[in-house]
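Here is the structure we will look at, set down as structure tokens.
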DNA sequence: ATGTTACTTGACATGATGTCAATTGACTCA
DNA sequence: TGAGTCAATTGACATCATGTCAAGTAACAT
């Protein structure tokens with residue numbers, strides 16, 4: 001349902017109906033909407049097997065290859081989690097638990113960015129303008145779900161275009177020439 | 001008040017109190033919270049004199065200079081409007097009028113991005129990987145308020161760092177070498 | 001004296017989340 | 001067969017913010 005509605009306007013009563021339950025019964029399973037969304041995210045992560053998807057990036061033998069693989073992995077992952085992610089993103093502004101859960105996930109994503117930047121650095125391929133921290137911040141921000149949303153929904157990029165162009169952007173931005 | 005609270009949690013009753021008015025009286029002046037926020041944005045734009053601030057960018061004699069001046073202008077503008085912008089950004093998800101107002105402002109910002117990209121193109125300085133449309137999308141997304149928020153608030157960049165590094169990012173990303 | 005203007009107070013509707021109490025139907029176990 | 005447990009139901013209620021409506025008031029102008 002979250003995918004269908006892009007994370008917006010899905011109420012507890014809608015979820016209950018779809019599960020053939022009363023609204024109140026949902027609270028017998030999840031203490032709050034935030035908790036339900038967080039559990040959904042974890043379920044999705046497990047089902048989509050993020051770990052396996054990350055293998056190509058981890059197996060990369062050069063910094064540039066690692067960066068490219070990471071961007072591709074993430075770029076193909078976002079559309080699959082977009083609905084839940086957006087719902088959590090909206091809730092985060094008013095719910096501390098949702099904010100914590102989101103920040104936690106983003107911290108994990110940031111680790112991937114740092115690993116890619118470190119791999120570039122190890123190859124002496126990181127452009128001289130950047131510190132490793134700064135480059136990680138920049139890459140992490142560029143790859144945000146909000147930016148994916150902006151580029152695909154507002155700008156009309158296909159996901160393939162997103163991945164291809166984001167690879168170009170990341171490489172031009174970070175890699176020494 | 002919006003600046004103080006970073007655009008979050010400012011209710012009609014708070015605004016009314018600060019103006020020594022009853023909550024209901026505010027509705028004698030603004031039909032809805034959305035309208036009040038939109039009016040506030042327009043007021044701020046006027047007071048901060050965006051047009052004058054854009055002069056250096058318009059006066060640029062090269063594409064690269066124009067890009068750099070535009071990034072600086074925008075990067076110094078965002079922190080001044082952040083509170084209202086964030087409030088509008090939050091409301092946009094649930095209010096059509098707020099969404100329209102926001103999109104309108106973002107369209108204006110996008111024009112600035114396109115002008116910078118066009119100036120690069122006119123100098124034959126736009127990197128070959130980019131179409132003008134694609135480059136505009138990318139620059140526009142990179143300069144989003146959300147990204148500014150991410151880099152300054154989450155990553156702890158000072159605004160000076162934001163401007164300097166964003167110039168580097170934009171240039172590396174878009175300019176041919 | 002009359003009307004206008006800006007505002008006040010108090011009451012109410014709406015919509016979503018979340019809580020609570022009482023009840024029901026199915027299943028299990030001694 | 002009777003007792004207990006479990007999942008769920010219904011209905012009522014609290015909360016919180018937005019937004020609406022009606023009736024009243026104080027200052028001021030003509």
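Residue numbers (the working numbering), protein chains in the order written: chain B, 1 to 177; chain H, 1 to 177. Beta carbons are placed, not taken as given, at the ideal position from N, Cα and C, and that holds for glycine.
Counting along the chain, the unbroken alpha helix (DSSP H) around residue 112 of chain H starts and ends at 96–122.
Cβ contact annotation for residue 69 of chain H (same chain, cutoff 7 angstroms, sequence separation greater than five): 56, 57 and 60, in chain order. Residue 137 of chain H counts as buried, since at least 16 other C-beta atoms from the protein chains shown sit within 10 angstroms of its C-beta. In the DSSP assignment, no residue is bridged to residue 13 of chain H. At the C-beta level, residue 89 of chain H and residue 102 of chain H come within 8 angstroms of one another. Here the alpha carbons of residue 112 of chain H and residue 125 of chain B stand approximately 32 angstroms from one another.
In the DSSP annotation of this structure, the continuous segment of the alpha helix (DSSP H) that includes residue 167 of chain B starts and ends at 159–174. Here residue 126 of chain B carries a strand assignment [DSSP, helix/strand/coil]. In the DSSP assignment, residue 40 of chain B falls within the unbroken alpha helix (DSSP H) covering 33–48. Listed along chain B is no residue with a C-beta nearer than 7 angstroms to that of residue 51 of chain H; the closest approach is about 25 angstroms. Rounded to the nearest angstrom, the gap between the Cα atoms of residue 52 of chain B and residue 43 of chain B is 15 angstroms. Using a CB distance cut-off of 8 angstroms, residue 150 of chain B counts as an interface residue toward chain H.
Here residue 4 of chain B is exposed. Its C-beta has fewer than 16 other C-beta atoms within 10 Å.
Annotation: the continuous alpha helix (DSSP H) that includes residue 142 of chain H extends over 132–142.
What residue 127 of chain H touches in chain B, judged by beta-carbon distance under 9 angstroms, is 168 and 172, going in chain order. Non-local beta-carbon contacts of residue 117 of chain H in its own chain, meaning distances under 6 angstroms to residues more than five positions away in sequence, involve 132, 135 and 136 in chain order.
Residue state for residue 1 of chain B is assigned as coil, using DSSP reduced to three classes. Residues of the same chain with a CB within less than 6 angstroms of the CB of residue 121 of chain H, apart from the 5 flanking positions on each side, are 132 in chain order.
With fewer than 16 neighbouring CB atoms inside 10 Å of its own CB, residue 176 of chain B falls in the exposed class. Under the Cβ criterion of 8 angstroms, residue 144 of chain B is counted among the residues facing chain H.
Shown here for residue 10 of chain B: same chain residues with a beta carbon closer than 6 angstroms to its own, the five before and five after excluded, namely 1 and 2 in chain order. Under the Cβ criterion of 8 angstroms, residue 157 of chain B is counted among the residues facing chain H. Against chain H, a Cβ distance below 9 angstroms from residue 134 of chain B picks out 155, 157, 161 and 165. Assigned with DSSP and collapsed to three states, residue 147 of chain H falls in helix.
Annotated three-state conformation of residue 22 of chain B is coil, per DSSP. Interface annotation, residue 4 of chain H: not in contact with chain B, CB-CB separation never under 8 angstroms. In the DSSP assignment, residue 69 of chain H falls within the alpha helix (DSSP H) that extends over 63–91. For residue 7 of chain H, the number of other beta carbons within 10 angstroms of its own is at least 16, and it is reported as buried.
With the rule of 3 Cβ pairs closer than 8 angstroms, the region 77–95 of chain B counts as touching the region 31–51 of chain B. Taking a C-beta distance under 8 angstroms as the contact criterion, residue 169 of chain B and residue 166 of chain H do not qualify as a contact pair. Between residue 164 of chain H and residue 71 of chain H, the alpha-carbon positions lie close to 9 angstroms from each other. Less than 8 angstroms divides the Cβ of residue 77 of chain H from the Cβ of residue 50 of chain H. Along the region 73–102 of chain B, the positions whose C-beta sits under 7 angstroms from a C-beta of chain H are 90 and 93, read in chain order. If you check each beta-carbon in the region 1–30 of chain B against every beta-carbon of chain H, the ones closer than 9 angstroms belong to 8 and 9.
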